[in-house]
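Residues in the sequence shown are numbered from 187 upward in steps of one, following the working numbering.
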Amino acid sequence: MAKTKTAFFCQNCGTQYAKWVGQCVACKEWNTIVEEVIQKEEKTPWKNAKITVDKIKPLRINEISTEKELRLNVQDNEFNRVLGGGLVPGSLVLLGGEPGIGKSTLLLQVGLKLPYKTLYVSGEESQKQIKMRADRIHPNNDTCFILTATRTQDIFQHIEAIDPEIVIIDSIQTLHSDYIESAAGSISQIRECTAELIKFAKATNTPMILIGHITKDGNIAGPKILEHMVDTVLQFEGDRNYVYRILRALKNRFGSTAELGIYEMQGDGLREVSNPSEVLISKNEEGLSGTAIAATVEGMRPLLIEIQALVSSAVYGTPQRSATGYNAKRLNMLLAVLEKRAGFKLAAKDVFLNITGGISVDDPAIDLAVVAAILSSNSDIAISKGICFAAEIGLAGEIRPVQRVDQRIIEAEKLGFSTIFVSKNNTISLKDTRINIKLISKIEELVSSLFG
Ligand code: TYD
Ligand code: MG
């Protein structure tokens, strides 16, 4: 028997050392170096001779076929869009997200909707538990196989027996390989298991989707190299207390990372939201002060969202400022601009800001709507229902142009808005719009047209 080999790994960045050190040279973290047993065998983890790696030889660049890569339609428009038009055969997709956000639900749902033979491998839940969940989502299906396993060698054996067209792994942190002796979830295990899965996916042209846990600070748990190894990294995010979830691509070798998908968590799984603007705006008929609609663009999609502000006299000495779904520093900056450039006395006021639907937005074009909502709450005058806003605000109090303004205007018009406020400096190439486009350059102009 070969001598057991050990090595030291940084638990933060995955750098390998021959001996223990106090500080990682690569990422400068202290006390992150841990000894792990490594034992490599020069064998492929699967034995079946049917699977052979294609002989790869160098080709002249002109000889490489550029035929459109065939993609598997995952029967879910939002998922397809984020993947860049479907799942590429032989690719590895990593889906990260906070616990309880709905990663397992999303992928089980994808597996159940697919008309292809799918294998869903779970290391976290029993077959019974998954069946109970599946009954809620999509009761009748006879192409989806459920397997509870954590050893990669077992998983490959079952894959060979079932021969699925898509494999889903929930989650990569629960897997372990016999070739490595350290515990499941450790850096070397995650790296080894992912490497085995990649080898298998590329050799058999089977696409795989892996679920990845994330750490406290929002990164995918495990070595950073995990994200380099896979073809696509997706993130599922949202506020657990609300129903909306956003699926984003952080890295995509086969498509744009600007696309995003929106879902609504319901009692029977995740529903695709194809008209996000309509659901994110409340249907209140009577005008309430403190609300304003922003025409934003998230990824590639125009999205109208509602901003709510509450301005009230501070009860305690220090006024409170809090923002949900919006950068609190940016809120403070806008308040300072209102105070200094537009003469509003807000220094002794509590200001609370909320973006409805529990989604968070970092499009600077919502500044104008934020300011409008604050001023509306401050003066207790409601903004009329047909108005929306799309502009950034600069430190001098100037209304700045935003990108893709045409797209925002079209979306606002489509949803029946009668007026949109944008910057005077925006070049608008649209002609014959029904919507009234108000061009402004200063906050004063906004105030006089909204509140007279
Ligand atoms: P889950 O997919 O287990 O999250 P993750 O795998 O990311 O940890 O999602 C769990 C939550 O989703 C749970 O709190 C219940 C909720 N849920 C629904 O609201 N409706 C449903 O149909 C399902 C299956 C789950
Ligand atoms: Mg889960």
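Heads up, the beta-carbon is just placed ideally off N, CA and C, and yes, glycines get one too.
The shortest CA-to-CA distance from threonine 613 to any of Leu333, Ala369, Gln593 and Leu632 is the one to Gln593. Ranked by how close their Cα comes to the Cα of glutamate 264, the residues Ala481, Tyr449 and Ala598 have Tyr449 in first place.
Looking from the CA of glycine 455, the closest CA among Ile579, Arg322, Ile316 and Glu346 belongs to Arg322.
About 22 Å separates the beta carbon of threonine 329 from that of glycine 309, a gap too long to meet the 8 Å contact definition. Looking at Arg439, Phe440, Arg431 and Arg590, the one whose alpha-carbon comes closest to that of valine 459 is Arg431. Taking the Cβ of threonine 334 as the reference point, every heavy atom of the ligand TYD lies at 7 Å or farther away. An exposed status is given to asparagine 427, since fewer than 16 other beta-carbon atoms sit within 10 Å of its beta-carbon.
Counting the other CB atoms within 10 Å of its CB gives threonine 401 a total below 16, which places it among the exposed residues. Just so you know, the alpha carbons of leucine 496 and glycine 476 end up roughly 6 Å apart. Inter-residue distance for glutamate 525 and isoleucine 579 is about 14 Å (C-alpha atoms, whole angstroms). At least one heavy atom of the ligand MG falls within 7 Å of the beta-carbon of aspartate 356. In this model, threonine 291 and arginine 527 are separated by some 49 Å (Cα to Cα).
For the stretch 566-612, the full-length beta strand (DSSP E) segments reaching 3 residues or more read 573-576 and 605-609 along the chain. Gly441 is the residue among Gly208, Gly441, Gln315 and Met415 whose C-alpha sits nearest the C-alpha of arginine 267. Under DSSP, the beta-bridge partners assigned to proline 488 are Val483. Taking 7 Å as the cut-off, the C-beta of isoleucine 323 counts as close to a heavy atom of the ligand TYD. Within the same chain, Cβ atoms closer than 7 Å to the Cβ of asparagine 622 are found at Ser604 and Thr605, the five residues on either side in sequence being excluded.
Nearest neighbour of glutamate 311 by Cα position, chosen from Thr418, Ile355, Ile626 and Gly276, turns out to be Ile355. With respect to leucine 601, valine 416 sits apart: the two C-beta atoms are not nearer than 8 Å. Buried is the label assigned to serine 372, since at least 16 other Cβ atoms lie within 10 Å of its Cβ. One alpha carbon belongs to serine 368, the other to glutamine 375, and they sit about 7 Å apart. Here DSSP, grouped into helix, strand and coil, assigns glycine 503 to coil. Serine 442 is not bridged by DSSP to any residue. Each residue's CA atom was taken as its position, placing valine 523 and cysteine 199 some 41 Å apart.
Valine 274 sits in coil when the DSSP states are folded into three classes, being neither helix nor strand. Counting along the chain, threonine 334 sits inside the beta strand (DSSP E) bounded by residues 330-334. DSSP, read as helix, strand or coil, puts phenylalanine 422 in strand. Short of 8 Å from the beta carbon of glycine 473, and not among the five residues preceding or following it, lie these beta carbons of its own chain, in chain order: Ala568, Ile569, Ser570 and Lys571. Look at phenylalanine 195 here: in three-state DSSP terms it is strand. Just so you know, the alpha carbons of lysine 303 and valine 296 end up roughly 12 Å apart. Glutamate 597 is positioned such that its CB atom lies no closer than 8 Å to that of threonine 542. Per the DSSP secondary-structure output, tyrosine 449 pairs in a beta bridge with Arg431 and Glu458. Segment contact: the stretch 497-516 against the stretch 529-542, three or more CB-CB distances shorter than 8 Å; contact assigned. By the Cβ-count criterion, arginine 246 is exposed, with fewer than 16 other Cβ atoms from all chains shown falling within 10 Å of its own Cβ.
If you ignore the 5 residues before and after aspartate 553, its C-beta comes within less than 7 Å of the C-beta of Leu520, Ala577, Glu578 and Ile579, all in its own chain and listed in chain order. If you check the CB distance, alanine 478 and phenylalanine 575 come in under 8 Å.
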